């Protein structure tokens, strides 16, 4: 099975000296996601926790929201150049009242958005099964300040490559429940949410989701669809992410670094003192 890191020879420059040495790189390979045997999408991801990734993706697309709706996940016989299973094709089977995707993908957003902001926010509000605006979660600034270091301590692949995003799920006491890494920050979040679905933990009321990069509209959407009341990021949010958080009553924290942060929406959940 493919690994999360690969080794490559590099020419190392240091001052006027050069040398050849091995270096660890974050692996990036395509993953084809199929639904009931039909091709659905292809995403570039870091191999590892692929079933979590697919499960989280289906949550984010509104296909499933309960553990029992996901009947099966399996690797298909996609092969590499040597005819060996590449583990780059996963087929998901759903059942019960899972929402079908027929004819074409009916996605709420794309990475290159271009959609009307108001209509897009309304679409997510309509598709959200678990409203977060009344979630009773309250956290202290001190608890928030401690989370990035706890997530960073779990980033094993980042330690060797320096090239991976991370997402971490914390409970109300700041305990790290799940951490996932990937070259795509949206994939890292999908892996965390997919883990939660497969563990029967959705909706994620009373939890905090932390991402190592910026808080985009897409990540805020994914948090809302999983029932997460507080999304924090070590970098900046986008304007549409803030609009969505305000619309849904989700707390959005950005620039969470050291002992400082900006609360862009839902500040009532962050209790001072």
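Residue numbers (our numbering): 38 to 310. Cβ atoms here follow ideal geometry from the backbone N, Cα and C, with glycine treated the same way. Just so you know, these numbers come straight off a predicted model, no measurement behind them.
For residue 56, DSSP records a beta bridge to 49. Between residue 264 and residue 242 a beta carbon distance of about 6 Å is seen, short of the 8 Å cut, so the two are scored as contacting. At a Cβ-Cβ threshold of 7 Å, residue 65 and residue 229 do not count as neighbours. Segment contact: the region 67-79 against the region 230-250, fewer than three CB-CB distances shorter than 8 Å; contact not assigned.
By the neighbour-count definition (other C-beta atoms within 10 Å, threshold 16), residue 128 is a buried residue.
For residue 273, there is no enclosing beta strand (DSSP E), as DSSP marks it with neither H nor E. By DSSP's assignment, residue 297 forms a beta bridge with 294. Of the residues assessed, residue 87 falls on the buried side of the cut-off, its CB having 16 or more other CB atoms within 10 angstroms. If you ignore the 5 residues before and after residue 135, its C-beta comes within less than 6 Å of the C-beta of 100, 101 and 106, all in its own chain and listed in chain order.
Within its own chain, the residues whose Cβ lies closer than 7 Å to the Cβ of residue 46, once the five positions on either side in sequence are excluded, are 57 and 59, listed in chain order. The beta carbon of residue 250 lies closer than 8 Å to those of 202, 222, 270, 271 and 272 in the same chain, with the five residues before and after it left out.
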